[in-house]
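Numbering (my numbering), first residue to last: 173 to 583. Backbone N, C-alpha and C fix where the C-beta goes; we use that ideal spot for every residue, glycine too. Right, one structure below, let's go through it.
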Ligand code: PMT
């Protein structure tokens with residue numbers, strides 16, 4: 173095989189899965205493009221894919237036998253060895269049927285079994301006809317795969333094999349190559365940064381069994397902590413009560429009340445270079461929480477005296493040395509105006525304005541739609557997307573602030 177060390181994928185092994193779509197012929201060009209970039213590519217095909225294109229084509233071009241049959245005795249244990257050796261596994265094109273098998277964890281052919289044994293990053297490039305991509309079942313499967321960390325590349329709009337125009341064409345070769353590149357050469361643009369992320373709700377006790385809280389699940393903050401860690405930052409997550417697992421490599425302090433959250437964040441503030449406040453801190457706590465359970469009484473409980481909690485972000489912004497400060501604004505009306513006001517009042521670099529009344533976004537959901545507003549007045553509206561994806565957009569938007577903070581201080 174051609175080898176040259178200045179090509180980005182040199183020495184990398186890629187497993188290319190091809191399933192039974194008319195777009196299977198495009199996998200031949202993809203194979204060649206991956207090889208041009210220096211990758212060593214082997215191919216696995218579903219039975220349906222072999223009806224669109226002969227395995228021999230891939231075999232000759234890749235210079236490896238093409239795997240097709242889970243039960244072929246001459247291809248012993250390929251379902252284990254090929255995925256084990258791969259640095260990246262691409263499935264292009266992936267049919268709606270293949271997406272369903274992946275989402276459900278089925279292993280009824282060689283390709284789907286290999287997905288179950290693979291531990292390398294998986295990139296899935298779907299292609300399908302008509303309205304299939306928009307079918308609720310397909311959408312659910314795609315969401316499931318994405319939430320498990322797989323990269324699913326949206327198909328593109330255009331003329332389909334059926335003659336219809338729609339979103340279903342296999343995405344372009346360049347997009348797939350870029351996805352491979354970000355798996356093989358992941359972004360490390362936060363290396364050297366120390367980031368504090370707050371997440372989840374706080375719980376303010378009324379008595380030993382009751383508390384004031386809110387609907388935050390912690391998903392947004394945990395997604396940011398995970399993304400920042402993957403991009404090379406040291407991350408301290410300060411989390412209110414949630415049921416979420418702490419992302420690998422992230423240090424976590426669990427807190428309950430706004431007061432505990434404030435203490436954890438202020439104590440570690442000098443250590444940090446970036447603070448992202450995604451937590452939904454309770455704005456009020458009970459004035460005098462009872463040490464004993466308050467007994468049920470006949471009639472109404474007329475009033476509960478409340479005291480405002482400390483505005484943690486405001487405190488941090490007054491203590492800042494060179495930290496970059498990011499706030500969130502959870503709004504139900506006049507979203508941008510309220511968010512801008514908070515950005516100014518709390519002297520933040522960036523605020524993430526989210527409408528918490530949207531059906532599929534805000535509290536508890538895996539998705540969120542937000543507008544990023546920076547100190548210099550630039551607004552970036554973003555569509556509804558997975559919180560993990562939004563996390564990357566927020567971290568991308570911090571790059572100019574990181575560069576500015578790295579400049580020497582003017583005397
Ligand atoms: O946790 P999820 O279910 O994933 O939901 C995500 C989310 C909706 C909670 C998140 O996206 C979000 O909007 N978090 C901020 C919620 C909030 O408290 O917004 P706010 O507009 O009330 O506060 C503005 C900013 O000040 C926030 O960064 C907040 O963390 C901070 N704040 C608020 C009150 C307080 N006492 N101290 C603070 O530091």
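Item, Value
"Looking at C-beta atoms only, is the number of pairs between the stretch 483-495 and the stretch 432-440 that lie closer than 8 Å three or more?", "yes"
"Closest to residue 368 by CA distance: which of 551, 576, 193, 495 is it?", "495"
"Flag residue 436 as yes when its Cβ comes closer than 7 Å to any non-hydrogen atom of the ligand PMT, and as no otherwise.", "no"
"Quick check on this structure: which residue in 573, 539, 567, 564 has the alpha carbon closest to the alpha carbon of residue 319?", "539"
"Near residue 568, what residues of its chain come up, given a Cβ to Cβ distance below 6 Å and the 5 sequence neighbours on each side ignored?", "none"
"Please check the pair residue 504 and residue 528, which I expect to be a contact at CB under 8 Å, by giving their CB distance rounded to whole angstroms.", "6 Å"
"Quick check: the Cα distance between residue 337 and residue 208, rounded to an integer number of angstroms?", "32 Å"
"Mind checking which residues open and close the alpha helix (DSSP H) that includes residue 565?", "559-569"
"Say yes only if the C-beta of residue 484 is nearer than 7 Å to one or more non-hydrogen atoms of the ligand PMT, and no if none qualify.", "yes"
"Does DSSP classify residue 426 as helix, strand or coil?", "strand"
"For the ligand PMT, is there a heavy atom less than 7 Å away from the beta-carbon of residue 532?", "no"
"Name, in chain order, the residues that DSSP records as bridge partners for residue 189.", "216, 263"
"State the Cα-Cα distance for the pair residue 448 and residue 548, rounded to the nearest angstrom.", "18 Å"
"Could you check what DSSP says for residue 356 in three-state terms: helix, strand or coil?", "helix"
"Give the DSSP bridge partners of residue 134, in chain order.", "Any question about residue 134 goes unanswered here, given that the chain covers just 173 to 583."
"Taking Cβ to Cβ, would you say residue 566 is nearer than 8 Å to residue 511?", "no"
"Identify every residue that forms a DSSP beta bridge with residue 480.", "456"
"Touch check for the stretch 279-296 and the stretch 257-266: three-plus C-beta pairs under 8 Å?", "yes"
"Just checking, does the stretch 396-406 make contact with the stretch 355-362 on the three C-beta pairs under 8 Å criterion?", "yes"
"Taking only the alpha-carbon atoms, compute the straight-line gap between residue 480 and residue 414 and give it to the nearest angstrom.", "23 Å"
"Bridge partners for residue 339 per DSSP, in chain order?", "329"
"Does DSSP put residue 296 in a helix, a strand or coil?", "strand"
"Which runs of the alpha helix (DSSP H), 4 residues or longer, sit entirely within the stretch 391-426?", "391-402"
"So for residue 544, helix, strand or coil by DSSP?", "strand"
"Rounding to the nearest angstrom, what Cα-Cα distance links residue 317 and residue 309 in this structure?", "12 Å"
"Got a sec, what are the start and stop residues for the alpha helix (DSSP H) residue 129 sits in?", "Look at the range of the chain in this structure, 173 to 583, and you will see that residue 129 is not part of it."
"Do you know whose CA, among 221, 297, 257, lies nearest residue 241's CA?", "221"
"Using the three-state DSSP reduction, which class does residue 224 fall into: helix, strand or coil?", "helix"
"Kindly identify the DSSP beta-bridge partner or partners of residue 526.", "502, 542"
"Per DSSP, which residues does residue 239 bridge with? Please list them.", "216"
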